[in-house]
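Residue 1 is where the sequence shown starts when you use our numbering, and the numbers rise one by one after that.
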Amino acid sequence: MTEKRIYLTTPIYYVNALPHIGHAYTTIVCDVVRRYYSLFGYDTYLLTGTDEHGTKVMRAAEERGETPQAYADRISAAFRNLWPELSVEPDDFIRTTEQRHKNVVQLILQQLYDRREIYFEKYSGLYCVGCERFYTETELEPTNGFCPDHQTKLTLIEEQNYFFRMSKYQQWLIEHIRANPDFIRPERYRNEIASFLKQPLRDLCISRPASRLPWGIPLPFDRNYVTYVWFDALVNYLSALGWPDGPKYERYWSVAEHYIAKDILKPHAVYWPTMLRAAGIPIYRHLNVHGYWNYGEMKMSKSLGNVASPLDLARVYGVDALRYFLLREMVFGLDASFDEVLFNERYNSNLADDLGNLISRLTAMIHRYCGGRVPPAHTLERGDQALLAMIKVVVQSTPQWLADLKFHQIIEETLQVVRSLNAYINSEEPWALNKAGKRDRLETVLHVTARGLVIALQLLAPVMPSKTAEALSWLGVEMKSGQGIDVELINVGAPVVAGKVLFPKIRLAEPETGGSAAELAPARPGAAKSKIQNLKSKIQNDMAEEKKEMAEETKEMPTAEISFDEFAKIDLRVARVLEAAQVKGTDKLLRLVIDLGGEQRQIVAGVAEFYKPEQLVGKTIIVVANLAPRKIRGVESKGMLLAAHDGATFRLLTTDADCTPGSKVS
Numbered sequence: 001m002t003e004k005r006i007y008l009t010t011p012i013y014y015v016n017a018l019p020h021i022g023h024a025y026t027t028i029v030c031d032v033v034r035r036y037y038s039l040f041g042y043d044t045y046l047l048t049g050t051d052e053h054g055t056k057v058m059r060a061a062e063e064r065g066e067t068p069q070a071y072a073d074r075i076s077a078a079f080r081n082l083w084p085e086l087s088v089e090p091d092d093f094i095r096t097t098e099q100r101h102k103n104v105v106q107l108i109l110q111q112l113y114d115r116r117e118i119y120f121e122k123y124s125g126l127y128c129v130g131c132e133r134f135y136t137e138t139e140l141e142p143t144n145g146f147c148p149d150h151q152t153k154l155t156l157i158e159e160q161n162y163f164f165r166m167s168k169y170q171q172w173l174i175e176h177i178r179a180n181p182d183f184i185r186p187e188r189y190r191n192e193i194a195s196f197l198k199q200p201l202r203d204l205c206i207s208r209p210a211s212r213l214p215w216g217i218p219l220p221f222d223r224n225y226v227t228y229v230w231f232d233a234l235v236n237y238l239s240a241l242g243w244p245d246g247p248k249y250e251r252y253w254s255v256a257e258h259y260i261a262k263d264i265l266k267p268h269a270v271y272w273p274t275m276l277r278a279a280g281i282p283i284y285r286h287l288n289v290h291g292y293w294n295y296g297e298m299k300m301s302k303s304l305g306n307v308a309s310p311l312d313l314a315r316v317y318g319v320d321a322l323r324y325f326l327l328r329e330m331v332f333g334l335d336a337s338f339d340e341v342l343f344n345e346r347y348n349s350n351l352a353d354d355l356g357n358l359i360s361r362l363t364a365m366i367h368r369y370c371g372g373r374v375p376p377a378h379t380l381e382r383g384d385q386a387l388l389a390m391i392k393v394v395v396q397s398t399p400q401w402l403a404d405l406k407f408h409q410i411i412e413e414t415l416q417v418v419r420s421l422n423a424y425i426n427s428e429e430p431w432a433l434n435k436a437g438k439r440d441r442l443e444t445v446l447h448v449t450a451r452g453l454v455i456a457l458q459l460l461a462p463v464m465p466s467k468t469a470e471a472l473s474w475l476g477v478e479m480k481s482g483q484g485i486d487v488e489l490i491n492v493g494a495p496v497v498a499g500k501v502l503f504p505k506i507r508l509a510e511p512e513t514g515g516s517a518a519e520l521a522p523a524r525p526g527a528a529k530s531k532i533q534n535l536k537s538k539i540q541n542d543m544a545e546e547k548k549e550m551a552e553e554t555k556e557m558p559t560a561e562i563s564f565d566e567f568a569k570i571d572l573r574v575a576r577v578l579e580a581a582q583v584k585g586t587d588k589l590l591r592l593v594i595d596l597g598g599e600q601r602q603i604v605a606g607v608a609e610f611y612k613p614e615q616l617v618g619k620t621i622i623v624v625a626n627l628a629p630r631k632i633r634g635v636e637s638k639g640m641l642l643a644a645h646d647g648a649t650f651r652l653l654t655t656d657a658d659c660t661p662g663s664k665v666s
């Protein structure tokens, strides 16, 4: 049997500022993925680290009166120390200032130079220090010469530098992406790169004069220059494994999975594979790309100064709750919105009310009716069997959801198991069975509930390792890594711990100033009015604006003739609704995640007055698939569903029989 292996990498994080939620998300995702694969018997290797060279680091050090090395040491330590506090367990932490990394960078550069893949030339261009890259005039047309990400004026730089012949590998890369459709995931980012590659690819500037930037790795063939950014940073994925002949490289590189945010898509999807190709190194297996965390309608980033501290949140809600929120809230590949109110609502609803309540109810009833020990099952009725069969389907589906990057779906389906178990208790009424003297049935119901709960806790263990281990211990069981989800993991007769609260409810207190997560406090008698209510009152003024927006979007427009060519530009597609949820702070908007035939998209639709979210899940709808993305109430929408509305009734357009998602409507 072939041994299953996987190599997971985060980006190495730039040390120009302290870690924030964006860093935490990518790293926690990789740790969660590692734990799932370990659970399923894989040999896993997780790498993270810090990127410590460059202009921004040198300037940040100067501003603080430190040497670049001392500054890098301090910030790198903040990253390294953060991960254990977030229950992240990397196998290695690479720093670009380490000699093992410098050696590999210089070896690759020398090999490419010897093969004439690197050349020397004069260059001028518009440069952004924040992005550490040059922009073309075409890229800057929509922003009138300002950086698209940082909204800062660019600097014209003219100097001689070394270049990598990246353009030489454009056609190869196009063919590689075409032959390996899951090379870049999700599909939207593969399409973005495919579109980018339709334009001629320019060669890549890889150096800076040491006289202007001494803080870097010297080029082995010209000590007057240092290598810059990507030939330094990207090589960490190899240097950490001991390329070219280290045992870890031999063992793990062929199963490499890079996880990144979409802001560094092009370097990883274009620069990196062409660099590897030129060096004769096999290409990594997958590039997995996630969206941005937004605060309101703006991308959350350290350069914009609107970041949230992961440790502040973890100190209030616990590390596992933070991990749960980040994995549950973001559909991998799409943007997600973050704020403390939403975090609090998820925590109280999903963890305290659903999961925590189930654990409390079950353990209390086992103590009350079964002497504090896990009871046996007797005759399983049809409803018991159906419940366990439904849970088994979730277990069987989890490996595929994991492979498809559907982490939020694993969590939501598991929460549905928890809700089903709560409903099962309400339906079977163990208290009534006890009163009626139906001992065998009582024990069976509690046994089935305990078995289902143990399975749910196993499914959630990679996301919330500490809390699930604690809850499992209360039920007298312990998980074993490498053996998958054990649907029979229940110890009849094991003592059960009751009277403990896994997730105590937390209320947002209204601080005197501000409202950071660090100021949140558990609810107490006489505590200040809930921040949730306070914020709800503040958004009333927004409602009028929202109604105005919706009226503009839904009012009947005057009919005007269009040409056939104009109509032909509209791309109508069949889609299936995978998820539906209310857009926070609105009465009319729903956020839908749809299947568009191999591609998942997010759209926002003003249909909440007519459909509950659960009514839409599974429905076949018709969407305009080629609308430009837009933000609606801070949520990105990429498409529009079609419906008929006469003022009194509202009906979604659909097909008269099942149709494959992605089918073209004509």
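The C-beta atom is built at its ideal place from N, Cα and C for all residues, glycine as well. It should be emphasised that the depicted structure is a prediction, and the values quoted were computed from it without experimental measurement.
When only Cα atoms are considered, residue 475 and residue 496 end up about 5 Å apart. In this structure, residue 32 sits near residue 463, with a CB-CB distance shorter than 7 Å. Short of 6 Å from the beta carbon of residue 240, and not among the five residues preceding or following it, lie these beta carbons of its own chain, in chain order: 47, 92 and 94. Boundaries for residue 32: no beta strand (DSSP E) harbours it, while the alpha helix (DSSP H) harbouring it runs 21–39, taken from the DSSP string. With a cutoff of 7 Å on beta-carbon distance, residue 620 and residue 660 are scored as not near each other.
Note: residue 635 is bridge-paired with 632 in the DSSP secondary-structure output. Rounded to whole angstroms, residue 203 and residue 632 show a C-alpha spacing of 38 Å. Residue 122 has 160 as its beta-bridge partners, per DSSP. Bounds of the alpha helix (DSSP H) holding residue 400 are 382–403.
Between residue 395 and residue 487, the beta carbon gap of about 6 Å places them in contact (Cβ cut-off 8 Å). Listed as beta-bridge partners of residue 49 by DSSP are 94. The C-beta separation of residue 248 from residue 289 comes to about 25 Å, leaving the pair out of contact by the 8 Å criterion. The residue from 325, 256, 66 and 473 with its alpha-carbon nearest to that of residue 345 is 325.
Sequence-distant Cβ neighbours of residue 399 in its own chain, meaning closer than 7 Å and more than five residues away, are 40. Selection 126, 311, 440 and 268 evaluated against residue 155 yields 126 as nearest (Cα-Cα).
The beta carbons of residue 218 and residue 226 sit closer together than 7 Å.
For residue 330, the three-state secondary structure derived from DSSP is coil. Between residue 215 and residue 53, the C-beta gap is smaller than 7 Å, which places the two residues in contact.
Residue pairing of residue 601 in beta bridges, as defined by DSSP: 594.
C-alpha of residue 615 to C-alpha of residue 79: approximately 44 Å in a straight line. Residue pairing by DSSP puts residue 652 in a beta bridge opposite 643. Per DSSP, residue 173 is one residue of the alpha helix (DSSP H) stretching across 170–179.
Per DSSP, reduced to three states, the secondary structure at residue 475 is coil, with no helix or strand assignment.
Take residue 381, set aside five residues on each side of it, and no residue of its chain has a beta-carbon closer than 6 Å to its own. Going by beta carbons, residue 415 and residue 467 fall outside the 7 Å limit. As computed with DSSP, residue 146 is found in a beta bridge with 153. Residue state for residue 664 is assigned as strand, using DSSP reduced to three classes.
Between residue 447 and residue 481, the alpha-carbon positions lie close to 24 Å from each other.
Comparing alpha carbon positions, the residue from 623, 397, 568 and 234 closest to residue 593 is 623.
For residue 263, the secondary structure class from DSSP, reduced to helix, strand or coil, is helix.
Sequence-distant Cβ neighbours of residue 103 in its own chain, meaning closer than 7 Å and more than five residues away, do not exist here.
Around the beta carbon of residue 407, 16 or more other beta carbons sit within 10 angstroms, so the residue counts as buried. DSSP, read as helix, strand or coil, puts residue 463 in coil. A distance of 7 Å or more separates the beta carbons of residue 256 and residue 223.
The alpha-carbon of residue 83 is positioned some 7 Å away from that of residue 89. Counting along the chain, the unbroken alpha helix (DSSP H) around residue 112 starts and ends at 99–114.
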